[in-house]
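Below is one structure, written out as structure tokens; the observations come after it.
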Amino acid sequence: MQGTLIGYEAPPSGRPYIGRLAEVAVGAYTSIDAIIAPASASAGDLITIEVRVRNLHTGAIYIATTGRYNGVDILPTEDYAIVDPGATHSFYFSFSMPDNDVELRVWSWYWTGTEWYQDDYSYVDIALEEEIPLVSLWPLALIGGLGILGLGATVAFAMARPGK
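Numbering (the numbering used here), first residue to last: 38 to 201.
Take a look at the structure:
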């Protein structure tokens, strides 16, 4: 359960808690310091991303984040956090890797007391891993197996020839 900062009405929570995504702005009160995500993943993998947001303001503020990948909006596991001045808070996002590369965009927001204000923006690319079908490995395994059998048969034949 989140507390309430003195002098502020607590921000609303729930799925539409931030509203529409705004234009990119330079972070005045928040800074997205890091997006920790895998460089690549296979289709269907569960991807979990950590977004570290720092409070640049001189007082404690409410901070929230939103994300979007390939036109799909995603929200972190928590609606918002109260972050002390200079402190960093981690927000976590999860989604299933689609069957194509992903550009994950992340926005940080702060609560003005009456509305959410979009403050910083960053992104990270996640590549789809190309999987080698197992069927294509069978010819190599078969050739390798025959080669080993051939070498073994040659050695056994040479040892079995008496007098030579």
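Here a beta-carbon is modelled for each residue, glycine too, at the ideal position from N, C-alpha and C. Owing to the predicted nature of the structure, the values given are computational and were not obtained by experimental measurement.
*For Ala-71: DSSP bridge partner residues*: Arg-89
*asked:* So the candidates are His-126, Tyr-158, Ala-101 and Ala-78; which of them puts its Cα closest to the Cα of Asp-116?
replied: Ala-101
*Measure the Cβ-Cβ separation of Tyr-147 and Asp-136 and say whether it is below 7 angstroms.*
no
*asked:* The beta strand (DSSP E) that contains Tyr-106, what's its start and end?
replied: 98-106
*When the Cα atoms are used, what is the spatial distance from His-126 to Glu-168?*
35 angstroms
*Do Tyr-160 and Val-24 come within 7 angstroms of each other at the CB atom, strictly closer than that value?*
For the chain, the structure presents residues 38 to 201; residue 24 sits outside this window and is missing.
*Got a sec? Which residues, its chain only, sit under 6 angstroms from Phe-128 by beta carbon, not counting five neighbours each side?*
Val-88, Thr-102 and Pro-113
_Residue from Asp-110, Ala-118, Gly-104 and Gly-108 whose Cα sits closest to the Cα of Ala-97_ = Ala-118
*asked:* Just verifying my parser: in three-state terms, what is the DSSP assignment at His-126?
replied: strand
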